[in-house]
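Residue numbers (the numbering used here): 5 to 204.
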Amino acid sequence: MRTLPVLIPRAEPFFFPAGKAACLLVHGFTGTPKEMRWLGEHLHREGFTVLGVRLAGHATRMEDLYRVRWTDWLAVVEDGGHLLRSGGYGPVVVMGLSLGGALALLSATFFPVAGVVAMSTPYRLPPHPLLPFLRPLSRVIRTMAKEPSDARDLEAQAEHIAYPALPLHGVAEVRDLLALLRQRLAEVRVPVLVVHSRGD
5 MRTLPVLIPR AEPFFFPAGK AACLLVHGFT GTPKEMRWLG EHLHREGFTV
55 LGVRLAGHAT RMEDLYRVRW TDWLAVVEDG GHLLRSGGYG PVVVMGLSLG
105 GALALLSATF FPVAGVVAMS TPYRLPPHPL LPFLRPLSRV IRTMAKEPSD
155 ARDLEAQAEH IAYPALPLHG VAEVRDLLAL LRQRLAEVRV PVLVVHSRGD
């Protein structure tokens, strides 16, 4: 008998109601809503309503990422926007980190959003000879090791909640999502703020 995935403690989605203007926050690949919570709390103090969503396959068990598609992630963003608008909130700005930033940009080509904030958002995956073979490889090799973190804020790094490795199926989904984003990027017709650190 299959059991429902159990959320990692402190990695839950969050909702902070306030004014009409709303921010939809989207975390990164293998991450959790917790990595966006600090921003959500700040925006809430400034009077914005904030919804931090949990992407499918995240904040539970790494195995849950073995079967999700990028369309499942985009559907979470779409649902978040619908929830905010149906609750009477708007305009809605989508803000995302890394994969979340890519989803924020892509969402602006499909759904009504007022603006996008894309933080540390990849345009494509770094070149690697195995990239074209990710799908067949993911059936044999489930995960690959993450590169060691070069985070300078050791306290923040210790508090960060994420899966310990990269599921290859999920990496293939990120690759496909980024390919579609490159095709549709010119269709983004809303204000965009791109934030990128020099050391990322």
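We treat Cβ as the ideally placed atom computed from N, Cα and C, and that holds for glycine.
Residue environment, residue i, which counts as buried when at least 16 other CB atoms sit within 10 Å
i, result
"R41", "buried"
"E151", "exposed"
"V207", "Any property of residue 207 remains undetermined from this structure, which presents the chain solely from 5 to 204."
"L69", "buried"
"L134", "exposed"
"S90", "exposed"
"V80", "buried"
"G174", "buried"
"A176", "buried"
"A166", "buried"
"S201", "exposed"
Beta-carbon spacing of residue i, residue j below 8 Å
i, j, result
"E211", "L101", "Residue 211 lies beyond the range of the chain shown here (5 to 204); nothing can be said about it."
"G104", "V30", "yes"
"T125", "M66", "no"
"T64", "G23", "no"
"H62", "G84", "no"
"L172", "W74", "no"
"L28", "V96", "yes"
"V10", "A122", "no"
"V72", "V98", "no"
"L115", "E82", "According to the sequence provided, residue 115 is Phe. The question's Leu does not apply to it. Yes, the pair counts as a contact, with Cβ atoms nearer than the cut-off."
"A169", "A149", "yes"
Enclosing beta strand (DSSP E) for residue i [first to last residue]
i, result
"A60", "Looking at the DSSP string, A60 is not in any beta strand (DSSP E), and its letter there is neither H nor E."
"A108", "Premise fails: A108 lies in the alpha helix (DSSP H), L103 to S111, not in any beta strand (DSSP E)."
"L197", "V196 to V199"
"G119", "G119 to M123"
"F18", "F18 to F20"
"A149", "T147 to A149"
Chain-order list of residues whose beta-carbon lies under 7 Å from that of residue i (same chain, five-residue window excluded)
i, result
"W77", "L59, A60 and L107"
"G32", "E39, L101, S102, L103 and G104"
"R179", "L129, L135 and L138"
"L185", "A106, L109 and L110"
"G51", "A22 and G23"
"S142", "L172, H173 and A176"
Residue interval of the alpha helix (DSSP H) (run including residue i)
i, result
"V175", "L172 to R188"
"G84", "W74 to S90"
"P140", "L138 to S142"
Cutoff 8 Å; reference residue i; Cβ partners in own chain excluding five residues on either side
i, result
"V192", "L109, A112, T113 and V120"
"L88", "A26, L28, T53, L55, G94 and V96"
"P37", "A15, E16, P17, F18, L29, H31, G56, V57, R58 and A63"
"H48", "F20, A22 and V54"
Fill in: beta strand (DSSP E) runs contained entirely in the segment 22 to 56, provided each spans 3 or more residues
Entirely contained in the segment 22 to 56, the beta strand (DSSP E) runs reaching 3 residues are, in chain order, 26 to 30.
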